[in-house]
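Note sheet for the following structure.
Residue numbers (this note's numbering): -14 to 172.
What follows is the structure in structure tokens.
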């Protein structure tokens, strides 16, 4: 017995989301990395709920021995799997929409660049204003400008993370999610 067969068995006893999550992440294109970790976490939770090791054979035997009991014990985990699958589908939908707009040359496709330029302009303006008017304005106004400068720094950091990615592991996660999302969204 393998994970894909177990996924089918779970779907047959009324746990389709759990079957999809197990089958897609452990037997599908994401057998390693983020997807594998997600699937292994689900497998561990299933094994713990049924009181068996987190292997396809042990879980399958427990489900075969008492399908109704397994369904009751695993209903909460299946509900959590539905939420995870919905989040993955929502993420895929948002990315697909953004790609569609960019490919169609829609004006909203350039909004991230426009917002980034606006943030950069605000940051540059506040930086130069704080430098040039230091000591020439009331302290309270200077404090407000300093707070605005701090907010502009945070916004600029977020814009840079949007364009460059926040980390290498984030890029790897995105690539792995891109591999699984088409199979999740189709179901």
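Cβ coordinates follow ideal geometry from the N, Cα and C atoms, glycine included.
Contact between residue -12 and residue 41 holds, since their C-beta atoms are separated by about 5 Å, short of 8 Å. Excluding residues up to 5 positions away in sequence, -2 lie with their Cβ nearer than 8 Å to the Cβ of residue 52 in the same chain.
Straight-line spacing of the CA atoms in residue 144 and residue 85 works out to 21 Å. By the Cβ test, the region 124 to 144 is in contact with the region 97 to 108, since at least three Cβ pairs between them sit closer than 8 Å. Secondary structure of residue 122 (DSSP, three-state): coil.
As the crow flies, the alpha-carbon of residue 76 is around 47 Å from that of residue 123. By the C-beta density criterion, residue 3 is buried, having at least 16 other C-beta atoms within 10 angstroms. By the C-beta density criterion, residue 27 is buried, having at least 16 other C-beta atoms within 10 angstroms. A residue is called buried once 16 or more other Cβ atoms fall within 10 Å of its Cβ, and residue 118, having fewer, is exposed. Looking at the backbone, the Cα of residue 71 and that of residue 110 are separated by about 42 Å. With fewer than 16 other beta carbons inside 10 angstroms of its own, residue 149 counts as exposed.
Remark: C-beta atoms of residue 48 and residue -6 approach each other more closely than 8 Å.
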